[in-house]
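What follows is a short report on a single structure.
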Amino acid sequence: MLFFIDTANIEEIRESSTWGIIDGVTTNPSLIAKEGKNLVDVIKEITGLIDGPISAEVQEGSAEQMVEEAFGYARIHPNITIKVPMTFEGIKATKVLSGYNIKTNVTLVFSVAQALMAAKAGATFVSPFMGRLDDATGTDTAGYELLEDIRVAFDNFGYETMIIAASIRHTEHVKQAALAGSDVATIPFKVLKQMIEHPLTTKGLQIFRDAAKK
Ligand code: G3P
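In case it helps, the numbering used here puts the sequence shown at residues -15 to 198.
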């Protein structure tokens, strides 16, 4: 399972990169806006920190506009992955970009039908949003079930499109993503830090520290 960090914050990427377990980065317009920087500067900086897929999202528009914008980002570094919205124009753009061997990540996916459209277009990645689906349905399993269903649908036909569990809000989502067979989880920094913690680990460490003093 690959771990991507879901952030545009350079300090978070820098710190997590030192752990040696981060395989890629996903950004989106909201995350970039939060940093108050422009997308090109941010992704250039990230390429120096993480050697793996780095998602840069194009603005929603016509397929031609999105492909044009995508070419600009793809020229920056071979690791750049173009995040494309789940629209017909996005599907057309994904098909064109896959013909140029440019990696794509179709985002804002909330159904198996949408995921299949992305896979048919040759998307490298598809991003089902767990947290937003759970919020919208008032459950804590809708995101999980969607990931499980997409896994089955892709495996039925041997689609190589990788599933990124996105919109992760807590460590339980990471567990669900793993159990559902997601290829990737893109995880916010805060949740990555929570993943190392368990009260019994903390307690056990204290017991060992006390014992070592004796
Ligand atoms: O990167 C896309 C996704 O992870 C966004 O998450 O928390 O805005 O639903 P969120």
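The C-beta atom is built at its ideal place from N, Cα and C for all residues, glycine as well.
Measure the C-alpha to C-alpha separation of Glu201 and Phe72 and round it to an integer number of angstroms. Nothing in the structure corresponds to residue 201, since the chain is present only between -15 and 198.
For a quick check, are the C-beta atoms of Ala102 and Val110 less than 7 Å apart? yes
Closer than 5 Å is what we want: which residues have a beta carbon that near any heavy atom of ligand 1? List them in chain order. Asp(-10), Thr10, Asn12, Gly115, Arg116, Ala150 and Ser151
If we count the other Cβ atoms within 10 Å of its Cβ and call it buried at 16 or more, is Val24 buried or exposed? By the beta-carbon neighbour count (other beta carbons within 10 angstroms, threshold 16), Val24 is exposed.
Could you spell out the range, first to last residue, of the beta strand (DSSP E) harbouring Thr10? Thr10 -> beta strand (DSSP E) spans Gly8 to Thr10.
By DSSP, does Glu42 sit in helix, in strand, or in coil? It should be noted that the sequence gives Val, not Glu, for residue 42. Note: Val42 maps to coil in three-state DSSP.
Of all the options Pro69, Ile38 and Ala47, which has the alpha carbon lying nearest to the alpha carbon of Tyr57? Nearest Cα to Tyr57 within the set Pro69, Ile38 and Ala47: Ile38.
Give a yes or no on whether the C-beta atoms belonging to Gly205 and Gly8 are separated by under 7 Å. Given a span of -15 to 198 for the chain in the structure shown, any question on residue 205 remains unanswerable.
What residue from Lys21, Ala(-8) and Ala107 has the CA that sits closest to Ile147's CA? Ala107
If you run the structure through DSSP and keep just helix, strand and coil, what is Ala150? strand
Enumerate in chain order the residues of its own chain whose CB-to-CB distance from Asn12 is below 6 Å, with the five nearest sequence positions on each side excluded. Annotation for Asn12: Glu41 place their beta carbon closer than 6 Å to its own, counting only its chain and skipping 5 residues before and after.
Which residues share a DSSP beta bridge with Phe113? Phe113 is bridged by DSSP to Ala150.
Residues near Thr78 in its chain [Cβ-Cβ closer than 7 Å; skip 5 each side]: Val68, Thr88, Val90, Ala102, Ala105, Gly106 and Ala107
Mind checking who Asp(-10) pairs with in its DSSP beta bridge? For Asp(-10), which the question treats as bridged, DSSP gives the partners Thr10.
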